[in-house]
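Down below is the structure, laid out as structure tokens.
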Amino acid sequence: MASITFSFYCIISPMPMQKTKIIATIGPSSSQIEVLKGMIAEGMSIARLNFSHGTIGEKMEQIEMIRRASYELGIRLGLMSDLQGPEVRTHMGKKELKIEDGDLVTVSGKEGIGEIKIKPSSVLRGLEPDDELYIDEGRIRLRVREVDGELLKCEVIQGGLVRDKRSVHASKPFELRGLTEEDKEAIKASISKGVDFIALSFVKSAEDVIEAMEFMRSISEEPPAIISKIETKEAVERIREILDVSYGIMVARGDLGVELPLQEVPKIQKKLIRLANQNAKPVITATEMLESMTQSPIPTRAEVTDVYNAILDGSDAIMLSAETAIGKYPVLSVRWMRIIAEMAESSLESRLDFPVDKIPSFIGKAAVEASEILKCPVIFCFTYSGYTARHVARHRPKARIIALSSNKRTSQLLTLTWGVETIDVTGDLDEALSYALSYCMDRGILSEEDRIVVTYGHPHGEAKTNTLRILSVRELQRAGTPKPSE
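This is the structure we're talking about:
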């Protein structure tokens, strides 16, 4: 009999937690092994490293700590590197500047002049009187009154506290795109550590994604999957072409709410999620989901409603940023995400209205319909690329989705897909199913009275998914788990 291997990372548990994946940003508040273990135990699916803050060396140390926590708990965890991108930010150092409505302030990109420093300095050259600058995701607004060489003289329209490394936008788009040298170094370091996902900032077109993928392929034959962050007006307008070349997308609501009218963000969020679901591409909803929990042990009612509705909209994953990176309650923040997700999922109805255009997507839809009608508690998906599992997941079945794959990279990538749990297997199809069945029986996931749905490609290992079977657990046990193809 061919040997079967089962990764110690597998997240099959007798008491399933939330199906919606939780991404948590790692920072000073969560860079301790016991805190990380607590976050993983509460339901963190993916650890995010934000390269806009800290050094590459610090991120590499955090990866080692995350891997250790995952190993010691025996729980599979995805890793995501979020690139800074061609961002425009304040450069104030340790200085903070309090400004009030009506004040006059000077802005520059050069050292030694200007009260507010902004880099890269080149972006300021195209600004003219009456243009506006938005600092810290729009919390602070300045209007240009005069341009004096390298110096902008601005009126404060909406005041606040200007701090270091806060985002800067303008009323006219900055001409910035492509990978920065800092991004390239972050990618190289991330690939060396086997990171699963690269979140690409300020994507404006498919060309931006293709450029990043070509760079990564020059380093690795199996580069990380690209998650395109949708945070600009151009990206929203070109979402279909961006989806075509991306593994998934992130709805980055912070910058979207500056680039576009704030009141349009909910509508855009729903549109982006729907398009990603239609294309079976993972979609993350991010920014200020439980922001108050940076200081408070419980979220606000509005935040609970926001997370709940993001899941009902169809988010594969929901993301924590400052809450777990610098907040006082990183473990509690993950717990609240899980609690809200579990409640939202109890109200989630299966969705079978997505179009099917290929055999694997048809099989995925049929598997969900069969599981609903026949009350099958588990859908087993044999998958090498993860394609079928994603097409099952987009319909949001009540049944558990367990992907059986001999491709460990695929198993890691499925940490981002709603509801998918993975078992790493080798050997023949019948042996792999037998092992998975025994594993689920031992842990109370299945009983003898149950029926299961199984999808696979025939011939096994040679074809894409083209077969669906409904099998009785009792009959499989009596027959010694025959091949599904028999």
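Under the working numbering, think of the first position of the sequence shown as 727, with each following residue one higher.
Think of the CB as a built atom: it goes at the ideal place given N, C-alpha and C, for glycine as much as any other residue.
In this text, all values refer to a predicted model and were calculated from it rather than measured experimentally.
Sheet register partners of residue i (DSSP bridge)
i: Glu1147; result: Ile1128
i: Gln884; result: Arg867
i: Lys747; result: Ala1043
i: Phe928; result: Phe928 is not bridged to any residue.
i: Ala1115; result: Its beta-bridge partners do not exist; DSSP assigns none.
i: Gly980; result: Gly980 is not bridged to any residue.
i: Gly804; result: Ile772
Residue i versus residue j: straight-line alpha-carbon distance, rounded
i: Glu1049; j: Ser1173; result: 40 angstroms
i: Arg802; j: Tyr1113; result: 20 angstroms
i: Val1199; j: Arg1126; result: 15 angstroms
i: Gly840; j: Glu957; result: 29 angstroms
i: Tyr1055; j: Leu1016; result: 11 angstroms
i: Glu990; j: Thr1013; result: 15 angstroms
i: Phe1106; j: Val1094; result: 11 angstroms
i: Arg869; j: Val894; result: 13 angstroms
i: Glu798; j: Leu1159; result: 27 angstroms
i: Gly819; j: Gly1040; result: 40 angstroms
i: Lys891; j: His817; result: 6 angstroms
i: Lys1084; j: Ala1115; result: 14 angstroms
i: Ala961; j: Ile1010; result: 15 angstroms
i: Glu1029; j: Thr1152; result: 43 angstroms
i: Ile748; j: Asn776; result: 16 angstroms
i: Ser1018; j: Ser1059; result: 10 angstroms
i: Ile945; j: Ala932; result: 20 angstroms
i: Met727; j: Ile952; result: With a pLDDT of 33 at Met727, under the threshold of 50, the predicted position of this residue should be treated as unreliable, though the coordinate-derived value follows. Going from the Cα of Met727 to the Cα of Ile952 covers about 38 angstroms.
i: Asp1168; j: Ile1149; result: 15 angstroms
i: Ser1211; j: Glu863; result: Here the model assigns Ser1211 a pLDDT of 42, short of 50, so the residue's position is not dependable and the matter cannot be decided.
i: Phe900; j: Asp857; result: 12 angstroms
i: Leu926; j: Arg1061; result: 27 angstroms
Three-way DSSP call (helix, strand, coil) for residue i in this model
i: Asn1192; result: coil
i: Cys736; result: Note that Cys736 scores 44 on pLDDT, short of 50, meaning its location in the model is unreliable; the coordinates nonetheless yield the value given after this. Correct three-state label for Cys736: coil.
i: Tyr1165; result: helix
i: Thr832; result: strand
i: Ile994; result: helix
i: Phe923; result: strand
i: Tyr1055; result: coil
i: Asp1083; result: coil
i: Leu823; result: strand
i: Arg1000; result: helix
i: Leu902; result: coil
Sequence-distant residues of the same chain with beta carbon closer than 7 angstroms to residue i, five excluded per side
i: Ala1119; result: Ile1127, Thr1143, Trp1144, Gly1145, Val1146
i: Pro1100; result: Sequence inspection shows Leu at residue 1100; the Pro mentioned does not correspond to that position. If we look at Leu1100 and ignore the five residues flanking it on each side, its Cβ neighbours are Arg1177, Ile1196.
i: Arg1204; result: none
i: Asn1133; result: Tyr1110
i: Ala795; result: Ile759, Leu762, Lys763, Ile766
i: Pro1023; result: Tyr1055, Leu1058
i: Glu790; result: none
i: Arg871; result: Pro855, Lys879, Cys880, Glu881
Best match in the options for proximity to residue i [C-alpha to C-alpha]
i: Gly1090; options: Met1069, Gln1021, Thr1181; result: Thr1181
i: Pro992; options: Leu877, Ala1036, Pro1023; result: Ala1036
i: Val1104; options: Lys785, Arg1195, Val1057; result: Arg1195
i: Arg903; options: Lys879, Ala912, Val849; result: Val849
i: Ser771; options: Lys745, Thr1031, Ser755; result: Lys745
i: Leu809; options: Asp856, Met1063, Val929; result: Val929
i: Met939; options: Ser972, Glu967, Ala915, Val962; result: Ser972
i: Ala1162; options: Lys843, Ala978, Pro1008, Leu1202; result: Leu1202
i: Val1082; options: Gln758, Ala1006, Ser757; result: Ala1006
i: Lys843; options: Leu859, Gly780, Gln1004, Gly828; result: Leu859
i: Thr832; options: Phe1080, Leu988, Leu877, Ala1070; result: Leu877
i: Asn1003; options: Thr1191, Arg1135, Arg1122; result: Arg1122
i: Glu1068; options: Glu911, Thr1136, Leu1038; result: Leu1038
Contact set for residue i: own chain, Cβ-Cβ below 6 angstroms, skip 5 residues either direction
i: Val921; result: Leu805, Ser807, Pro950
i: Thr1020; result: Ala1048, Glu1049, Gly1053
Close-in-space but distant-in-sequence residues of the same chain around residue i (CB under 8 angstroms, 5 per side omitted)
i: Glu826; result: Val882, Gly885
i: Cys1166; result: Ile738, Val1104, Ile1128, Leu1172
i: Lys1124; result: Ser1076, Ser1097, Glu1098
i: Ser756; result: Ala750, Leu762, Met765, Thr1050, Ala1051, Pro1056
CB contact check: residue i to chain C, cutoff 8 angstroms
i: Gln788; result: Checking the listed chains, one finds no chain C in this structure; it contains a single protein chain.
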